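Asker: Take this structure first; my questions come after.
Numbering (the UniProt record's numbering), first residue to last: 1 to 121.
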């Protein structure tokens, strides 16, 4: 769990650099995608644990599963947005917007990750 938090913090830090080249931008995006996919897998694992947990009442189980599905969908949307960024042009204005988007996506991903780990602990 700690490794995921460190990875997310590193991902956020890497997107706040003042200038970005195509190579480092692609690397940052690839790292963010890997981080988001890892978080998605963690959420899916939690989903499986909840589904198999017989001590949780059915109503509570459904509520938790619905929340996890929503978080997984949001992460999938973020992954898609990052994948779309890799195909954009590389002019300075585009790079600045991509950098802002990366920071926003990283912050949102960390917020979702933090929420999911605190609610299910």
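The beta carbon of each residue, even a glycine, is placed where N, CA and C say it ideally should be. These numbers come from a predicted model, not from an experiment.
1) Helix or strand or just coil, what does DSSP make of residue 54?
2) Should residue 58 be listed as close to the ligand GTP, given that the test is whether its C-beta is under 8 Å from any heavy atom?
3) When we look at the beta-carbon of residue 55 and count the other beta-carbons within 10 Å, is it buried (16 or more) or exposed?
4) Just the Cα atoms here: how many angstroms apart are residue 62 and residue 53?
5) If you draw a straight line from the alpha carbon of residue 32 to that of residue 74, how long is it in whole angstroms?
6) So, for residue 105: in the same chain, excluding its five sequence neighbours on each side, which residues have a beta-carbon less than 6 Å away from its beta-carbon?
7) Rounded to the nearest angstrom, how far is the Cβ of residue 109 from that of residue 36, given a contact under 8 Å?
Answerer: The structure says:
1) coil
2) With respect to small molecules bound, the structure shown includes none, and the ligand GTP cannot be examined in it.
3) Under the 10 Å beta carbon count, residue 55 is surrounded by fewer than 16 other beta carbons and is classified as exposed.
4) Rounded to the nearest angstrom, the gap between the Cα atoms of residue 62 and residue 53 is 12 Å.
5) 14 Å
6) 78
7) 6 Å
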